[in-house]
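A.B. asks: Got a structure for you, written out below as C-alpha cells; questions coming shortly.
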Amino acid sequence: MSWTEGNNAVRMALFDGTSWTEARTIHQSETLFVNWADFPSVVGLSDGTLAAHWLELNGPGSYQYDVKIAFSFDEGLNWTTPIIPHDDRSKREHGFVSLIPDDSAGLTALWLDGRAYDNQAAEDSYENAMQVRARRIAPDGSMGPESLLDPRACTCCAFRMMAGADFS
Numbered sequence: 010m011s012w013t014e015g016n017n018a019v020r021m022a023l024f025d026g027t028s029w030t031e032a033r034t035i036h037q038s039e040t041l042f043v044n045w046a047d048f049p050s051v052v053g054l055s056d057g058t059l060a061a062h063w064l065e066l067n068g069p070g071s072y073q074y075d076v077k078i079a080f081s082f083d084e085g086l087n088w089t090t091p092i093i094p095h096d097d098r099s100k101r102e103h104g105f106v107s108l109i110p111d112d113s114a115g116l117t118a119l120w121l122d123g124r125a126y127d128n129q130a131a132e133d134s135y136e137n138a139m140q141v142r143a144r145r146i147a148p149d150g151s152m153g154p155e156s157l158l159d160p161r162a163c164t165c166c167a168f169r170m171m172a173g174a175d176f177s
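Note that the numbering used here has the sequence shown beginning at 10, numbered continuously upward.
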C-alpha cells in the first residue's frame, strides 16, 4: 500500500498476510505533486523487487510535473535514484501512471503525457491532446524505447492494465 503523507512524503507499508509493516518512506521532497485523483503506487516484481512511482513538479505551474520511478531490493527500506520514464522534459503534465510487472523482474509503465499541448490556456483546442505512452523498464533503470499508444486520450482519467498468465 502506498500514500502521500502531508505534501512532501511518499510512504508505503507491506502486508505479509497477517499484519502490516511499519510505514516506510519511499521519497521525500518539497516539490511532490499531490492530488486526490493522481496518486503514487508500489508494485512487487517477479523477483521480489519493489517498484514505486510518484509525481514531482518540474516548473512553477500547478500542472507541470514529471513521473518518477524508483526500485527497492530490500522490501522498501532503501530506494534507487529515481528515473523519469518519459523522454519529454517539457513543463507539462505527465501522470496517471500504471505499472505492470513482467516475468523478467521488470515492468511496463503507462502514463498520460501532455507533451502535445501546444498552449495549455486553449484547453478545448483539438491540437491540445493528452497522449498515452508506455515504456519497459528494468530494475537497473535501463529503459526500452518509449511508445505512443494513443495520440489523443482523456486528459484526466486513470486507467489500469493487467498482464495475462504469460505476462503478455
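Every residue gets a Cβ at the ideal spot worked out from N, C-alpha and C, and that includes glycine.
1. Which term fits residue 13, buried or exposed, when burial requires 16 or more other beta carbons within 10 angstroms of its beta carbon?
2. With a threshold of 8 Å between beta carbons, is residue 60 in contact with chain C?
3. List the endpoints of the continuous beta strand (DSSP E) containing residue 139.
4. Can you check whether the CB of residue 117 is closer than 8 Å to the CB of residue 143?
5. Taking residue 96 as the reference, give the member of 48, 157, 44 with the closest Cα.
6. Comparing C-alpha positions only, which one of 28, 40, 21 sits nearest to residue 51?
7. List, from N- to C-terminal side, the beta strand (DSSP E) runs of 3 residues or more that fit wholly inside the region 30 to 86.
8. Would residue 103 and residue 88 qualify as a contact pair, given that the criterion is a beta-carbon distance under 8 Å?
9. Do residue 47 and residue 64 come within 8 Å of each other at the CB atom, strictly closer than that value?
10. Kindly identify the DSSP beta-bridge partner or partners of residue 13.
11. On the DSSP bridge assignment, give the partners of residue 123 in chain order.
C.D. replies: Taking the geometry as given:
1. With a threshold of 16 other beta carbon atoms within 10 Å, residue 13 meets it and is buried.
2. Reference to chain C is not applicable here, since this structure consists of a single protein chain.
3. From DSSP, the beta strand (DSSP E) with residue 139 extends over 139 to 146.
4. Less than 8 Å separates the beta-carbon of residue 143 from that of residue 117.
5. Of the candidates 48, 157, 44, the one whose C-alpha sits nearest the C-alpha of residue 96 is 157.
6. Closest by alpha carbon: 21.
7. Restricting attention to beta strand (DSSP E) runs no shorter than 3 residues, the region 30 to 86 encloses them at 33 to 37, 50 to 53, 59 to 66, 74 to 81, ordered along the chain.
8. No, the Cβ-Cβ distance between residue 103 and residue 88 is not below 8 Å.
9. Closer than 8 Å, so yes.
10. Paired residue(s): 19.
11. Bridge partners of residue 123: none, in fact.
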